[in-house]
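First up is the structure itself, then whatever we jot down about it.
Residue numbers (our numbering): 33 to 653.
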């Protein structure tokens with residue numbers, strides 16, 4: 033791909049800027065700083081990880097030939113019964129922007145985590161023999177095998193425990209950031225700015241000039257509704273736990289104040305506060321609760337890493353009350369009350385027909401947070417060698433919070449495809465995929481563990497648009513929403529697997545009947561063959577012409593034109609194909625002409641001296 037002049041100028045400018053930073057910023061000092069941790073001063077593990085993820089996008093997802101529209105469907109976590117998706121979702125991406133965003137975060141945060149890990153065993157520094165005492169003592173193994181493998185394992189883990197279908201390396205990026213901020217809080221906050229800088233440089237290089245016009249886009253959910261907030265929070269907590277383990281093994285304890293500030297600033301800047309709920313095409317962003325959650329996570333993390341080792345006080349003693357209950361009895365009673373309240377709230381949600389997923393997640397998080405202080409006292413004494421300290425309590429709270437964030441995903445990922453999963457009868461079959469268009473189709477995925485048939489009917493969701501089904505891969509999804517297709521007029525859906533892909537082109541044509549709805553048809557084209565997948569019901573005009581009622585009828589075959597149907601006042605019916613522009617046809621007592629009025633192509637019905645526009649050809653908005 034040839035570079036345009038602006039890309040060349042940008043590349044030279046970046047190189048000059050880096051040279052100035054190296055010269056004025058004391059390049060030798062930075063080199064000495066990283067040389068004690070990195071082989072030849074290079075974060076090889078970070079580079080290997082980025083190379084693996086980019087190579088997967090280019091080679092496996094077909095990015096080399098479809099850079100802006102890669103294959104994604106077979107690499108998503110559709111169900112626990114589809115292992116391919118579980119293994120690949122963490123490293124697959126949906127677009128170049130998606131890939132660039134996650135790689136920018138990786139390049140910003142992973143070197144900090146790799147620096148904390150170090151290519152050299154901590155007890156030896158660079159003086160250790162190249163062949164050391166084992167594989168983990170060899171710098172090259174630690175650099176290009178162990179560290180990248182750990183990041184890829186975390187990517188798989190966050191994908192497996194993500195709530196619902198997931199795609200992308202972002203869960204691993206947040207885990208890397210959680211690991212980094214625990215070890216080097218302020219440096220990680222600076223890396224947030226670095227990640228934004230890398231993203232901006234990529235955008236400027238890939239598209240030096242952006243041209244836009246004033247136009248209304250297709251209806252779509254808010255951008256924050258599509259963010260995998262649960263996977264991000266889970267990744268951050270996993271990274272923080274792993275960072276805590278490394279600190280304890282190395283005998284380090286960062287400043288609690290710095291750590292608290294670092295986690296708060298990172299969480300606010302990277303939208304760790306996103307808590308999203310949905311219901312009936314309405315999206316809820318719980319910003320207040322999200323900010324409280326970030327502050328709570330920051331406090332628990334800071335205490336777990338750098339908290340006091342003093343024993344916990346007895347709950348009643350802190351209130352100046354006589355000892356009536358032991359700490360353990362007090363905790364068990366509190367956990368019982370919380371469990372009972374949680375079960376009652378879930379039952380009430382199901383009976384009321386409220387959105388079950390978001391409600392249960394919210395209830396579980398609230399109950400879990402309230403239960404955290406009661407967890408350490410119920411741990412058996414034989415498992416503890418000394419009284420429970422404040423720091424141990426915070427560690428337990430951090431672990432329990434991580435489990436609470438991960439657990440809700442399990443029942444909602446135990447999904448299978450029902451026997452009648454493909455709606456309608458206008459599907460096209462490609463390599464095990466069925467692609468069709470349908471309105472108000474009931475989802476074809478069923479939970480293995482559910483509340484029962486009657487509750488399932490209450491909780492079932494309906495979807496409209498281009499629907500893609502693959503029973504072998506447990507896929508049932510909407511490839512293109514109906515409102516997007518209505519706005520754009522056409523779309524494409526890429527299906528396939530490792531080593532192959534096929535594109536299904538989708539086209540919607542229709543007529544907007546004035547004063548009423550739209551009569552339309554949806555066609556699917558694969559390999560040069562076109563199938564009429566969906567035809568709407570006839571739409572009747574609200575006006576009568578000389579006692580005649582007029583309706584527009586989409587054809588059931590893609591090769592046949594729309595019809596205009598006339599029903600006379602005597603009950604007789606006649607129909608004719610809608611003519612081309614500037615042509616006239618007759619049905620019953622009416623003449624129909626199609627005219628290009630400039631702003632729209634109109635279908636005009638005429639009788640004697642009366643001419644009435646009854647419909648406009650649907651156009652892309």
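Just so it is clear, CB atoms sit at the ideal spot from N, CA and C, and this is done for glycine as well.
Pick helix, strand or coil for residue 319, following the three-state DSSP scheme.
helix
If we ignore side chains and look at the alpha-carbon of each, how far apart do residue 440 and residue 598 end up?
56 Å
Taking the alpha carbon of residue 463 as the reference point, which residue from 432, 529 and 456 has its own alpha carbon closest?
529
Uninterrupted beta strand (DSSP E) stretches inside the region 104–138 (no shorter than 3 residues):
none
Roughly how many whole angstroms lie between the Cα atoms of residue 84 and residue 115?
20 Å
Distance, Cα to Cα, residue 38 vs residue 132?
20 Å
Do you know whose CA, among 635, 549, 541 and 533, lies nearest residue 97's CA?
533
Would you say the beta carbon of residue 174 is closer than 7 Å to some non-hydrogen atom of the ligand SAM?
Because no ligand of any kind appears in the structure shown, any question about the ligand SAM cannot be addressed here.
Does DSSP put residue 477 in a helix, in a strand, or in coil?
strand
Inter-stretch contact (C-beta, 8 Å, three-pair minimum) for the region 305–323 and the region 362–373:
no
For residue 191 and residue 126, what's the separation of their Cα atoms in angstroms?
15 Å
Buried or exposed for residue 54, please, with buried defined as at least 16 other CB atoms from any protein chain shown within 10 angstroms of its CB.
exposed
Neighbourhood of residue 175 by C-beta distance below 7 Å, restricted to the same chain and skipping five residues each side
71, 76, 77 and 151
By Cβ distance, which residues of its chain are closer than 8 Å to residue 300, with the 5 residues on each side in sequence left out?
323 and 326
In its own chain, which residues sit with a C-beta less than 7 Å from the C-beta of residue 377, not counting the 5 before and 5 after it?
395
With three or more beta-carbon pairs closer than 8 Å as the criterion, would you say the region 181–191 touches the region 294–311?
no
Meets three-Cβ-pair contact criterion under 8 Å: the region 456–475 and the region 431–447:
no
What's the call for residue 615, buried or exposed, on a 16-neighbour Cβ count within 10 Å?
exposed
In the DSSP assignment, what residue or residues form a beta bridge with residue 537?
524 and 557
What residues in its chain sit with their C-beta under 7 Å from that of residue 67, if we drop five residues either side in the sequence?
73
With respect to the alpha helix (DSSP H) encompassing residue 227, which residues constitute its N-terminal and C-terminal limits?
217–238
Is it right to say residue 136 is buried, meaning 16 or more other beta carbons lie within 10 angstroms of its own, or is it exposed?
buried
Own chain partners of residue 621 with C-beta closer than 8 Å, once the 5 adjacent residues on each side are dropped:
578, 580, 598, 600 and 639
Per-residue DSSP class, three states only, for residue 67:
helix
Same chain, Cβ closer than 6 Å to residue 158, five either side skipped, listed in chain order
Unreliable positioning characterises residue 158 in this predicted model, as indicated by a pLDDT of 49, which lies under 50. The coordinate reading is nonetheless provided below. If we look at residue 158 and ignore the five residues flanking it on each side, its Cβ neighbours are 152.
Considering only C-alpha positions, which residue in the set 141, 139, 194 and 129 is nearest to residue 235?
129
Please go through the same chain and pick out, in chain order, the residues whose beta-carbon is closer than 7 Å to the beta-carbon of residue 113, but skip the five residues on each side of it.
448 and 506
By DSSP, does residue 463 sit in helix, in strand, or in coil?
coil
Just verifying my parser: in three-state terms, what is the DSSP assignment at residue 597?
strand
Rounded separation between residue 573 and residue 456 - CA only
27 Å
Using only the alpha-carbon positions, how far apart do residue 351 and residue 294 sit?
Its pLDDT being 47, under 50, residue 351 is placed unreliably by the model, and nothing is read from it.
Within the continuous beta strand (DSSP E) that includes residue 265, where are the two ends?
Per DSSP, residue 265 belongs to no beta strand (DSSP E); it is in the alpha helix (DSSP H), 261–282.
Backbone secondary structure at residue 349 - three-state DSSP:
Bear in mind that a pLDDT of 49 at residue 349, under 50, signals an unreliable position, so the number given afterwards is only what the model happens to contain. Here residue 349 sits in helix by DSSP.
So, for residue 624: in the same chain, excluding its five sequence neighbours on each side, which residues have a beta-carbon less than 8 Å away from its beta-carbon?
596, 608, 610, 611, 616, 617, 618, 635, 636, 637 and 638
Just reading off the beta strand (DSSP E) that residue 624 is part of, what are its end residues?
622–628
Give the single residue among 79, 237, 222 and 648 whose Cα lies nearest to the Cα of residue 41.
237
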